[in-house]
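The sequence shown begins at 408 in our numbering and counts up by one. Quick reminder that beta carbons are idealized off the backbone N, C-alpha and C, glycines included. Everything numeric in this text was worked out from a predicted model, so none of it was measured. Contents: one structure, followed by commentary.
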Amino acid sequence: MNIRKDDTVLVIAGKDKGKKGKVRFAYPDEKRIMVEGINFIKKHSKAKGAARQAGIIEREAPIRVSNVMLLCSKCNHPARVGFRFLDDGKKVRFCRACGEVID
Ligand SMILES: [Zn+2]
C-alpha cells in the first residue's frame with residue numbers, strides 16, 4: 408500500500424470527494440485507511456450504564472485506499488506515488504509529479 412499513517416490525502420471519490428485529511432490509521436490488509444474528518448457514519452448506540460449515553464454518535468469509518476490520492480508534501484499536488492531505491496538500498500516513495508522523495 409502506498410499510503411501510510413500521517414500522510415495527508417485528498418479524497419477523489421465518494422461522498423467526501425474533494426476533502427483533505429490526515430491519515431490516522433492504515434489497514435494494509437484491507438486496503439483501507441482512516442482519515443481525520445472523512446467518512447463520518449452515524450451509529451446508534453444503546454445506553455450502557457452511566458458511561459455511555461443512548462443516542463446517535465458520529466464517528467469516522469475507514470475508506471478504501473483507492474478513493475484517495477496522496478498529497479505531496481513537497482509540491483502540494485495530489486501525487487501518483489512511485490517507488491525507488493536509495494543508494495543504501497532503502498526503498499522510498501517518490502512523487503511522480505515533482506520527483507521528490509516523500510519519505
Ligand atoms: Zn510532489
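Which same chain residues, not among the five before or five after residue i, have their C-beta less than 7 Å away from its C-beta?
i	result
residue 433	408, 410, 411, 412, 440
residue 472	408, 410, 438, 439, 440
residue 535	Outside the shown range of the chain, which is 408 to 510, sits residue 535, and nothing can be said about it.
residue 494	none
Hey, would you say residue i sits closer than 8 Å to residue j, going by beta carbons?
i	j	result
residue 458	residue 452	no
residue 416	residue 477	yes
residue 503	residue 510	no
residue 421	residue 470	yes
residue 481	residue 463	no
Across which residues does DSSP place residue i in a beta bridge pair?
i	result
residue 502	488
residue 471	439
residue 463	451
residue 476	417
residue 433	440
Which same chain residues, not among the five before or five after residue i, have their C-beta less than 8 Å away from its C-beta?
i	result
residue 448	465, 466, 467, 468
residue 427	415, 416, 417, 418, 478
residue 454	460, 461
Can you give me the Cβ contacts of residue i inside the same chain, cut-off strictly under 6 Å, excluding the 5 residues immediately before and after it?
i	result
residue 431	441, 443
residue 435	408
Residues near ligand 1, criterion Cβ-heavy atom distance below 7 Å: In chain order, the hits are 479, 481, 482, 484, 486, 502, 504, 505, 507.
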